[in-house]
């Protein structure tokens, strides 16, 4: 697929990517997913999103070709590729901060490299395509275990890893009340992961009833539809003994609903890096001294965040893009033990040629869409 | 204990409000409850953990990718990174605006990002116009995916369900089509004025 401008994508023929660095691999994609954060690109919210680029940072596939210095992969290997592009050797990678790699993104120092996510994250084409260039093939990709199915594998490349990481950023201790803003894929996984860390109560907030239903059945969570309350912060206080939650997780990010002015000035008019409605609700609805985890994606421009309240309440804000590969060994265990079944949230499987309709459906939340996966024709 | 009662609610004493379920009940109800209770079992705790041997890199500094055209970079970088993306190189007016954003302003400046967004809009309009000179012109019907409104229950998905986003979704078609309608109207008015002037 290629981006043609805000709200427009299409399928067209592009040159098959080539090895541009000795540690590159070329991967033939078998599954890709559309991520909620792809919608920020699709809506024209992320600066330096160029016409002609290919989106897609959640994908798996088969190695088609490797560069001369690649040691760990060979042609024919079935691989899952984390959304982070990272060198494995810079100051940040040496400290496990793979999502903050300094050697892969010339366009910005404030963010690492990401597949198919604008030039602000390095200008790499993504995996919503038949073929994709995968830099640092000895560092990022991993072989997909034989026992793992393709849908679970593609969800491990971002959404599940990010939800799990978001719960970890909450520094949850046994018995904590955890509120998760957003019942999209990352929010659902974060809610599910909060239980693994010993939460005593997990509450998910959204405005889409079908997603809240999923939060109850998939993530075993209590739910709040914020449209049913005049002030969701006051409601949160009431149901937590007027204390507030111990931990909040922002799994919404830049296009949060719930405040018309905030949404329009950010998602529509691009005057903010993101609509901080969920983040502000998180700040206001937790107890003093609480921890807020932010894994929802925001753009690089300023946003109207209520830092005064965060300061006065003595909050700890933890955030980052997820270093995906660090999460995998433990997540593999949780999947094998039956604690997690990532593909339970997949609602739509679509061929690549229908991707424009897939984007519109996901963006407009049609047909009770939670997670659309693109299945390549050869892999169907 | 109710609000406004003589005795304070739990929050105003040292105790934490009680939870609705005990750990035993949670463990019985939720698969895997507490499996990562110990922070040592959490792979991202602490976030920063020095372990350079864990990544699989077999270099101290990566070999440099060949720079086949002048590659724009943030002025906050000390050099071009050894590896970079090569999708959609800068070109034309949008490229000039983006190049200015990178060459002149650091990432901390709003001008940097606003220029990049301006470049995005110029790129979109220019690409759209150029597509009409090709065998594959832009098609707003297929490229917006609007036909999924019929196939994916557009009305039933939106209305009567209390969705908070319905109050601003009407703006989307205005944002997409509005500039083209305005440009078309401007062109019509300009052409009409020229014709009237020629006749006068």
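Protein chains in written order, with this note's numbering: chain G, 1 to 380; chain U, 1001 to 1200. All C-beta atoms, glycine included, are put in the ideal place defined by N, C-alpha and C.
Please name the residues in the stretch 122-155 of chain G whose beta-carbon is closer than 8 Å to at least one beta-carbon of chain U, in chain order. If the cut-off is 8 Å between Cβ atoms, the stretch 122-155 of chain G has 122, 123, 124, 125, 135, 136, 138, 139 near chain U.
Among G:286, G:269, G:4, nearest to residue 180 of chain G - alpha-carbon criterion: Within the first chain, the letter at position 180 stands for residue 180 of chain G. Residue 180 of chain G has its Cα closest to that of G:286, out of G:286, G:269, G:4.
Boundaries (first-last residue) of the alpha helix (DSSP H) holding residue 42 of chain G: For this step, residue 42 of chain G is matched to residue 42 along the first chain. For residue 42 of chain G, the enclosing alpha helix (DSSP H) stretches over residues 38-42.
Chain-ordered chain U contacts of residue 216 of chain G [CB-CB under 7 Å]: As a working note, residue 216 of chain G is residue 216 in the first chain. Chain U residues near residue 216 of chain G: none, gap ~12 Å exceeds 7 Å.
Runs of 4 residues minimum, wholly inside the stretch 203-270 of chain G: which ones carry the alpha helix (DSSP H) assignment? Unbroken alpha helix (DSSP H) stretches of 4 residues or longer found wholly inside the stretch 203-270 of chain G: 209-217, 232-239, 260-263, given in chain order.
Let me see if you follow: with CB-CB separation under 8 Å, is residue 1052 of chain U close to chain G or not? Within the second chain, numbered from 1, the residue matching residue 1052 of chain U stands at position 52. Yes, because at least one Cβ of chain G sits closer than 8 Å to the Cβ of residue 1052 of chain U.
Between residue 400 of chain G and the rest of its own chain, which residues show a CB-CB distance below 6 Å, the 5 nearest in sequence each way excluded? Nothing in the structure corresponds to residue 400 of chain G, since chain G is present only between 1 and 380.
Cβ closer than 8 Å: which chain U residues qualify as neighbours of residue 97 of chain G? Start at 1 with the first residue of the first chain, and residue 97 of chain G comes out as number 97. The contacting residues are 1047, 1048.
To the nearest angstrom, report how far apart residue 82 of chain G and residue 1023 of chain U are at their CA atoms. On the first chain, residue 82 of chain G is found 82 positions in, with the first residue counted as 1. On the second chain, residue 1023 of chain U is found 23 positions in, with the first residue counted as 1. Each residue's Cα considered, the two are about 34 Å apart.
Can you tell me where the alpha helix (DSSP H) with residue 173 of chain G in it begins and where it stops? Taking the first chain and counting its residues from 1, the one referred to as residue 173 of chain G is at position 173. Going by DSSP, residue 173 of chain G is part of no alpha helix (DSSP H) at all; its letter is neither H nor E.
Within 8 Å (strictly less), CB to CB, does residue 281 of chain G reach chain U? Translated into the one-based positions of the first chain, residue 281 of chain G becomes position 281. Chain U contact via Cβ: absent.
Check whether the Cβ of residue 1071 of chain U lies closer than 8 Å to any Cβ atom in chain G. Translated into positions along the second chain, residue 1071 of chain U becomes position 71. For residue 1071 of chain U, the answer is yes, since a Cβ of chain G falls inside 8 Å of its Cβ.
If we cut at 8 Å on Cβ distances, does residue 240 of chain G have a partner in chain U? Residue numbering aside, residue 240 of chain G sits at position 240 when the first chain is read from its first letter. Chain U, which has a Cβ nearer than 8 Å to the Cβ of residue 240 of chain G, makes this yes.
Residue 326 of chain G - containing alpha helix (DSSP H), residue span: One-based indexing of the first chain puts residue 326 of chain G at position 326. Residue range 324-336 is occupied by the alpha helix (DSSP H) that includes residue 326 of chain G.
Let me check understanding here. Comparing Cα to Cα, which of U:1169, U:1148, U:1168 lies closest to residue 366 of chain G? In the first chain, the residue the question calls residue 366 of chain G occupies position 366. With distances taken between Cα atoms, residue 366 of chain G lies closest to U:1148.
Counting only Cβ pairs nearer than 8 Å, list the residues of chain U close to residue 225 of chain G. Position 225 of the first chain, counted from the first residue, corresponds to residue 225 of chain G. For the C-beta of residue 225 of chain G, the chain U residues within less than 8 Å are, from N- to C-terminus, 1162.
Best match in G:151, G:376, G:229 for proximity to residue 344 of chain G [C-alpha to C-alpha]: The residue labelled residue 344 of chain G in the question sits at position 344 within the first chain. The option with the nearest alpha carbon to residue 344 of chain G is G:151.
Assuming residue 190 of chain G is part of the alpha helix (DSSP H), what are its boundary residues? Taking the first chain and counting its residues from 1, the one referred to as residue 190 of chain G is at position 190. Under the DSSP assignment, residue 190 of chain G falls in the alpha helix (DSSP H) whose first and last residues are 185-196.
For residue 1062 of chain U, which of G:90, G:77, G:37 has the nearest alpha-carbon? By one-based count along the second chain, residue 1062 of chain U stands at place 62. When only C-alpha atoms are compared, the closest one is G:90.
Where the beta strand (DSSP E) through residue 1024 of chain U begins and ends: To locate residue 1024 of chain U, count along the second chain from 1; it is residue 24. Looking at the DSSP string, residue 1024 of chain U is not in any beta strand (DSSP E); the run it does join, the alpha helix (DSSP H), is 1023-1029.
Strictly below 8 Å CB to CB, what residues from chain G border residue 1029 of chain U? By 1-based counting over the second chain, the position of residue 1029 of chain U is 29. For residue 1029 of chain U, the chain G residues whose C-beta falls within less than 8 Å of its own C-beta are 220, listed in chain order.
Could you spell out the range, first to last residue, of the beta strand (DSSP E) harbouring residue 26 of chain G? Residue 26 of chain G sits at position 26 when you count from the first residue of the first chain. Annotation: the continuous beta strand (DSSP E) that includes residue 26 of chain G extends over 25-33.
Can you list, in chain order, the residues of its chain with a C-beta nearer than 7 Å to that of residue 1069 of chain U? Leave out the 5 residues immediately preceding and following it. Numbered from 1 along the second chain, position 69 holds the residue referred to as residue 1069 of chain U. Closer than 7 Å at the Cβ level, and outside the excluded window around residue 1069 of chain U, lie 1089.
Top-ranked residue by Cα proximity to residue 1064 of chain U, from U:1011, U:1081, U:1074: In the second chain, counting from the first residue as 1, residue 1064 of chain U sits at position 64. Considering only alpha carbons, the answer is U:1081.
Span of the alpha helix (DSSP H) holding residue 359 of chain G? Here residue 359 of chain G corresponds to residue number 359 of the first chain, with the count starting at 1. 355-364 is the extent of the alpha helix (DSSP H) around residue 359 of chain G.
Exposed or buried, what is residue 295 of chain G when buried is set at 16 or more other beta-carbons lying within 10 Å of its beta-carbon? As a working mapping, residue 295 of chain G is identified with position 295 in the first chain. Burial state of residue 295 of chain G is buried, judged by a 10 Å Cβ sphere holding 16 or more other Cβ atoms.
With a Cβ-Cβ cutoff of 8 Å, do residue 62 of chain G and residue 48 of chain G count as a contact? In the first chain, the residue the question calls residue 62 of chain G occupies position 62. In the first chain, the residue the question calls residue 48 of chain G occupies position 48. No, the pair does not count as a contact, with Cβ atoms beyond the cut-off.
Can you find a CB in chain G that lies within less than 8 Å of the CB of residue 1002 of chain U? The residue labelled residue 1002 of chain U in the question sits at position 2 within the second chain. The predicted position of residue 1002 of chain U is uncertain, since its pLDDT is 46 and thus under 50; a value taken from the coordinates is nonetheless stated next. For residue 1002 of chain U, no Cβ of chain G is located within less than 8 Å of the residue's own Cβ.
Buried or exposed by the 16-neighbour rule on C-beta atoms within 10 Å, applied to residue 131 of chain G: As a working note, residue 131 of chain G is residue 131 in the first chain. Taking every protein chain shown into account, the CB of residue 131 of chain G has 16 or more other CB atoms within 10 angstroms, so this residue is buried.
Cβ atoms of residue 253 of chain G and residue 189 of chain G: under 8 Å apart, would you say? The count along the first chain starts at 1 and reaches residue 189 of chain G at position 189. The count along the first chain starts at 1 and reaches residue 253 of chain G at position 253. Not closer than 8 Å, so no.
Name, please, each residue of chain U whose Cβ falls closer than 9 Å to the Cβ of residue 275 of chain G. Residue numbering aside, residue 275 of chain G sits at position 275 when the first chain is read from its first letter. Near residue 275 of chain G there are no residues of chain U at all, since even the closest Cβ is about 10 Å away, more than 9 Å.
Quick check on residue 116 of chain G: buried or exposed, where buried means 16 or more other Cβ atoms within 10 Å of its Cβ? Looking up residue 116 of chain G in the first chain gives position 116. Burial call: buried.
Mind listing the chain G neighbours of residue 1063 of chain U? Cutoff is C-beta to C-beta under 8 Å, in chain order. Locating residue 1063 of chain U in the second chain gives position 63, counting from the first residue. Near residue 1063 of chain U (Cβ distances below 8 Å), the residues of chain G are 21, 22, 23, 69.
Interface residues of the stretch 31-45 of chain G facing chain U [CB-CB below 7 Å]: Using a CB distance below 7 Å, the part of the stretch 31-45 of chain G facing chain U consists of 44, ordered along the chain.
Taking the alpha carbon of residue 1085 of chain U as the point to measure from, which residue in G:86, G:125, G:64 has its own alpha carbon closest? Here residue 1085 of chain U corresponds to residue number 85 of the second chain, with the count starting at 1. Closest option to residue 1085 of chain U, Cα to Cα, is G:125.
For residue 1154 of chain U, I'd like the list of residues in its chain whose CB is within less than 8 Å of its CB, leaving aside the five on either flank, ordered along the chain. Taking the first residue of the second chain as 1, we reach residue 1154 of chain U at position 154. Leaving aside the five residues that flank residue 1154 of chain U on each side, the residues in its chain whose CB is nearer than 8 Å to its CB run, in chain order, 1148.
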